[in-house]
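Worksheet: one structure, shown below.
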Amino acid sequence: MLTTRLGRSALVAVAAGGLTLGASGMAAASADGPWSFSTDYAASAKFIANGDDLWVDDDKADGHSAVGVWSTSSSSGSVWNSKGAGTRQVGIGNLTENLRIAYVACWGESSNKSKVYNCDTYASIGTT
Numbered sequence: 000m001l002t003t004r005l006g007r008s009a010l011v012a013v014a015a016g017g018l019t020l021g022a023s024g025m026a027a028a029s030a031d032g033p034w035s036f037s038t039d040y041a042a043s044a045k046f047i048a049n050g051d052d053l054w055v056d057d058d059k060a061d062g063h064s065a066v067g068v069w070s071t072s073s074s075s076g077s078v079w080n081s082k083g084a085g086t087r088q089v090g091i092g093n094l095t096e097n098l099r100i101a102y103v104a105c106w107g108e109s110s111n112k113s114k115v116y117n118c119d120t121y122a123s124i125g126t127t
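Numbering (numbering that gives the first Met the number 0), first residue to last: 0 to 127.
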């Protein structure tokens with residue numbers, strides 16, 4: 000588990016370095032991915048095939064934003080939900096087909112989007 004404070008770039012590096020990302024076989028957009036939860040269950044994230052969306056839910060009224068950090072072999076980024084507990088932010092869209100996407104739910108401070116916390120194990124969907 001990633002329970003220490005990590006910057007967004009460090010998390011993306013972990014995702015890119017920890018996976019073998021390919022471009023053949025099943026398209027990432029052919030199936031929804033599993034849920035990913037922050038270590039304290041304050042945030043959750045799920046890849047949705049229809050639209051290549053990453054859902055990021057804020058599951059806890061704790062004053063922090065929910066964050067979904069994602070990576071493919073050709074791009075990476077994050078989706079921030081600063082709308083408060085019980086809300087969902089949808090992001091990404093239109094990814095290249097036939098790529099694996101890895102993602103993880105965390106929480107962070109939306110005023111300084113380089114700080115994310117309590118990330119757990121990456122979930123992934125697509126080719127191996």
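Glycine is no exception: its CB is placed at the ideal position from the N, C-alpha and C atoms. Quantities reported herein were computed from a predicted structural model and do not represent experimental measurements.
{"Item": "Reference residue 53; option with closest CA among 113, 29, 78, 83", "Value": "78"}
{"Item": "Any 3 or more C-beta pairs closer than 8 Å across the segment 108-118 and the segment 83-97", "Value": "no"}
{"Item": "Check whether residue 75 and residue 48 have beta carbons under 8 Å apart", "Value": "no"}
{"Item": "Same chain, Cβ closer than 8 Å to residue 73, five either side skipped, listed in chain order", "Value": "95, 98"}
{"Item": "Run of the beta strand (DSSP E) containing residue 83, from where it starts to where it stops", "Value": "No beta strand (DSSP E) contains residue 83, which DSSP labels as neither H nor E."}
{"Item": "Cβ-based neighbour list, residue 33, same chain, cut-off 6 Å, excluding 5 preceding and 5 following", "Value": "122"}
{"Item": "Residue of 35, 106, 117, 38 minimising C-alpha distance to residue 80", "Value": "106"}
{"Item": "Expected contact under 8 Å - CB spacing of residue 43 and residue 104 to nearest Å", "Value": "5 Å"}
{"Item": "Which listed residue (41, 51, 93, 68) has its alpha carbon closest to that of residue 59", "Value": "41"}
{"Item": "Rounded distance between the beta-carbons of residue 102 and residue 68, thought under 8 Å", "Value": "7 Å"}
{"Item": "7 Å CB neighbourhood of residue 93 in its chain, flanking five on each side removed", "Value": "51"}
{"Item": "Strand pairing of residue 41, partner residues [DSSP]", "Value": "Its beta-bridge partners do not exist; DSSP assigns none."}
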